[in-house]
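Trainee: This is the structure I have questions about; it appears just below.
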Amino acid sequence: MKLINSRISILVLCLIFATACKNNKDESMNITPPVAPKHPTQLEKHGDVRIDDYYWMNNREDQQVLDYLNAENEYFHKMTAHTEKFQEELFKEMKGRIKEDDSSVPYKLDGYWYITRYEEGKEYPIYSRKKESLDAAEELLFDCNHMAEGHEFFNLRGVSISPDNTMAAFGTDTISRRQYNIQIKNLESGEIYPDIIENTTGSSVWTNDNKTLFYTKKDPVTLRSDKIFKHVLGTSSEEDELVFHEKDSTYNTFVYKTKSRKYIVIGSGSTLTSEYRILNADDPEGEFKIFSPREKGVEYSISHFEGDFYVLTNKDGATNFKLMKTSEESTSSEHWTEFIPHQEDVLLEDVEIFRDYYVVTERNNGLNQMKIAKWDGSDSYYLPFDSETYVAGPSVNLDFDTKVLRYYYNEMGEPYAIIDFDMETQTKTVMKQQEVLGGKFDKGNYKTERLWATARDGKKVPISIIYHKDTPLDGTSPLLQYGYGSYGATIDPYFSSIRLSLLDRGFIYAIAHIRGGEYLGRPWYEDGKLLHKKNTFTDFIDVSKFLIDQKYTSSEHLYAMGGSAGGLLMGAIINMEPELYHGVIASVPFVDVVTTMLDDTIPLTTGEYDEWGNPNEKEYYDYIKSYSPYDNVEAKNYPHLYVSTGLHDSQVQYWEPAKWVAKLRDYKTGDNLLFLDTNMEAGHGGASGRFEALKETAKEYAFILDLEGKAL
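Using mature numbering (1 follows the signal peptide of the UniProt record, and there is no 0), the letters of the sequence shown correspond one by one to residues -20 to -1, 1 to 692.
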């Protein structure tokens, strides 16, 4: 009898809980969304007049702007209050799969083993090293948990150790605008010197005298990396010498040291063009010399080995790149000779140089390849990879004089591994494989596939897909389709323990390798940029229709997701095919393309002309305007939409998604949800801390799982 009563009690509690959830949902139906006031601004270019009702939002100091963003946040929280417990459940679930007391595979440099580790319950990494042996006492370099105290956001980057191992330069950002302050720590005394170098990229490099440091400064308004300075230890940063100023506003500059340690290199690059300057690292007072002058449309990168440089370049129409060689005494392009020829169907991505071997990273038909070869030409071979949904590439390989290549490998359904490969004996050792905690993960429970959709112009678009083996493929399953498709960035089919929270609830996950990325080589990128940009959007839509036709899902259960330039993709596809998707997640979306690309005071704008086109030219203005999501909002039944941004975002300014959501509220028909969620403390990368970021993912997942009735 007690057992029956217990069952009845449990049933009653379940009914009460379900009723409460329903009541919360019913209450949310009566919540009124904020309405942004309209202050029409006339924008004219090439005789074309645009009226922007929400142009006023581009002032983050304006209290009216902050009030609107806070009102949208309040609306979002009230409307999703019924999923808060579920969000917490998702967060704990995702966090529970992560090994909290984790550490990196140690790597050796100049007699020290360097280790990055995490401690249980802590958000940030701890950097340490051990002298000569892993059994030696640990020397603490940086505890980011301590350094982050008192800051809503914290990021450390660019740790640079002096050649004599006594000093460390490092950069910190506590605002999330990617403006780093560089400081120097004495590793013998533990003292952090008070002198602060402000507004840098965070990266720096030591010359061989152990006292001279080169670093990159940013323009304080546009945030373009435009100046290289020289700092001498013990002097004030106000006395630092400007050694290079990149005056072309479409270029960014940076500085690094060759793996051979012989040269300091200043690089300048736009989307389509490269140029380098070199200086012997033993001569910090010397003058940098141009490696090879910039030529419009010619990209190159350089690696040094013994008396030669190896140049990875697209010169002379080598669309998929080739490797060339030149003496360090004669570096201009007329002296370059071919070392590895161009291939029409294989993208040459990178080269890793060791004393006896070099390793070439390629991409063939979308798949990563690594070719290992001896300098003397006596031997060469490819590492064998069998899957069609995997990611592989060189890991940390700072040691020049070694026969061991360290690389990473994972499949879409199998955790990543760090592998040491002996290039001489051709044997491998798995140094570490990601652990998925919780006791529930079994890679045998998941199936992966690579599919090919036919785009409307006949091109075959690859798709990487994963799902639980019990998920039906009859058109009834929910599917989340992810895409990016810009800057030649390739979204590889990587493993994600976080994604399991969707897969285990019946979701299919698909990555659309659309044009604008380089999955199928450099031509795949070229065919999805500038005046071909719309191929990116139509590819994504055609992949969606293919997945529906093949019964992986249906429009009632299809979701799309993308961030930044992938957020532009989201905005474009819902303007073109609003009823193809049930819901869309757009993270920090770049949606006000015309206005942004016409404002060269906005960070990064001028450097983007090679990607999108310069709208100061009418041909590009007209084309960009024809797809810009903000400019093409119409009275349509848009899908359920969750939009996120960060108030301090330096890549995509917060006002783009804010304006977009305000305009969508004004125009959209139907009752589908529309949310704007602004992190008032963070920037483009979202929250800092490895677990805080999971809370943002939990909100995204809860949004689509709730739409599927699975937020229980």
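In this text, a Cβ means the ideal position worked out from N, Cα and C, and glycines have one as well. Because the structure is a prediction, the values reported are computed rather than measured.
(1) Ignore the nearest five residues each way along the sequence and tell me which others in I31's own chain have a CB closer than 8 Å to its CB.
(2) Which residues in the same chain have their Cβ closer than 6 Å to the Cβ of F401, if we skip the five residues on either side of it in sequence?
(3) Which term fits E591, buried or exposed, when burial requires 16 or more other beta carbons within 10 angstroms of its beta carbon?
(4) In or out: P17 buried (at least 16 other Cβ within 10 Å) or exposed?
(5) If you draw a straight line from the alpha carbon of D153 to that of N135, how long is it in whole angstroms?
(6) For Y173, collect the residues of the same chain with a Cβ closer than 6 Å to its Cβ; drop the 5 residues on either side in sequence, then sort them by chain order.
(7) Measure from the alpha carbon of E404 to the alpha carbon of each residue in V339, V45, K440, then state which is nearest.
(8) Would you mind giving the Cβ-Cβ distance between F71 and K675, rounded to the nearest angstrom? I have them listed as a contact below 8 Å.
(9) Residues bridged to I258 by DSSP?
(10) Roughly how many angstroms separate the alpha carbons of M147 and R109, rounded to a whole number?
(11) Quick check: the Cα distance between Y647 and P637, rounded to an integer number of angstroms?
(12) Could you check what DSSP says for Q67 in three-state terms: helix, strand or coil?
(13) Is the Cβ-Cβ distance between L654 and L621 less than 8 Å?
(14) Evaluate T317 with the Cβ neighbour count: other Cβ atoms within 10 Å of its Cβ, from every protein chain shown; 16 or more gives buried, anything less gives exposed.
(15) In whole angstroms, what separates the C-alpha of I352 from that of R97?
(16) Give me the Cα-Cα distance between H26 and D33, rounded to the nearest whole angstrom.
(17) At what residue ranges does the segment 159 to 185 contain a whole run of the beta strand (DSSP E), taking only runs of 3 or more?
(18) Does the beta-carbon distance from M37 to K605 come in below 8 Å?
(19) Short check: CB of I446 to CB of R430, under 8 Å?
(20) Can you list the alpha helix (DSSP H) stretches of 4 or more residues lying completely in the segment 33 to 96, in chain order?
(21) Take E557 and list the residues in its own chain whose beta-carbon comes closer than 6 Å to its own, dropping the five residues that flank it on each side.
(22) Note down the Cα distance separating K2 from H62, rounded to an integer number of angstroms.
(23) Taking the C-alpha atoms as reference points, what is the distance between G666 and G151?
(24) Pair every Cβ in the segment 458 to 475 with every Cβ in the segment 487 to 495, then say whether three or more of these pairs are closer than 8 Å.
(25) Indicate the three-state DSSP secondary structure (helix, strand or coil) for K408 in the structure shown.
(26) Answer yes or no: do V223 and F268 have a C-beta to C-beta separation smaller than 8 Å?
(27) So T293 and K305 are supposed to be a Cβ contact under 8 Å. How far apart are they, rounded?
(28) How big is the Cα-Cα spacing for T451 and H322?
(29) Output yes or no for whether 8 Å exceeds the beta carbon distance between S183 and F133.
(30) Report the rounded CA-to-CA distance for N190 versus K237, giving the unit in angstroms.
(31) Write down every uninterrupted run of the alpha helix (DSSP H) in the segment 401 to 446 whose length is 4 residues or greater and which is fully enclosed by it, in chain order.
(32) Beta-carbon within less than 7 Å of S481's beta-carbon, same chain only, minus the 5 sequence neighbours each way: which residues are those?
(33) Measuring straight from C-alpha to C-alpha, what distance separates residue 697 and N260?
(34) Quick check on Q44: buried or exposed, where buried means 16 or more other Cβ atoms within 10 Å of its Cβ?
(35) Does DSSP put N555 in a helix, in a strand, or in coil?
Mentor: Concretely, from the data shown:
(1) Here the set comprises P20, T21, Q22, L23.
(2) The answer, listed in chain order, is L385, K408.
(3) E591 should be labelled buried.
(4) exposed
(5) 5 Å
(6) The residues I164, in chain order, have a CB closer than 6 Å to that of Y173 in the same chain once the five nearest residues on each side in sequence are set aside.
(7) V339
(8) 5 Å
(9) V245, K269
(10) 13 Å
(11) 15 Å
(12) Secondary structure of Q67 (DSSP, three-state): helix.
(13) yes
(14) exposed
(15) Spanning the two alpha carbons is a distance of roughly 31 Å.
(16) Spanning the two alpha carbons is a distance of roughly 20 Å.
(17) 160 to 166
(18) Not in contact: M37 and K605 (Cβ atoms no closer than 8 Å).
(19) no
(20) Every alpha helix (DSSP H) of 4 residues or more that sits fully in the segment 33 to 96 is shown, in chain order, as 43 to 59, 64 to 76.
(21) I521
(22) In this prediction, K2 has a pLDDT of 48, which is less than 50 and means its spatial position is unreliable; what the coordinates show is noted afterwards. About 8 Å.
(23) Here G666 scores only 48 on pLDDT, less than 50, and its place in the model should not be relied on; the value that follows carries that caveat. If I take the Cα positions, the gap works out to 19 Å.
(24) Taking one beta carbon from each stretch, the segment 458 to 475 and the segment 487 to 495 have 3 or more pairs nearer than 8 Å; the two touch.
(25) strand
(26) The Cβ atoms of V223 and F268 lie closer than 8 Å to each other.
(27) About 11 Å separates the two Cβ atoms, so there is no contact after all.
(28) Each residue's Cα considered, the two are about 43 Å apart.
(29) no
(30) 13 Å
(31) Complete alpha helix (DSSP H) runs here, min 4: none at all.
(32) Cβ neighbours of S481 beyond the five flanking positions: L70, E73, M74, Y681.
(33) For the chain, the structure presents residues -20 to 692; residue 697 sits outside this window and is missing.
(34) exposed
(35) helix
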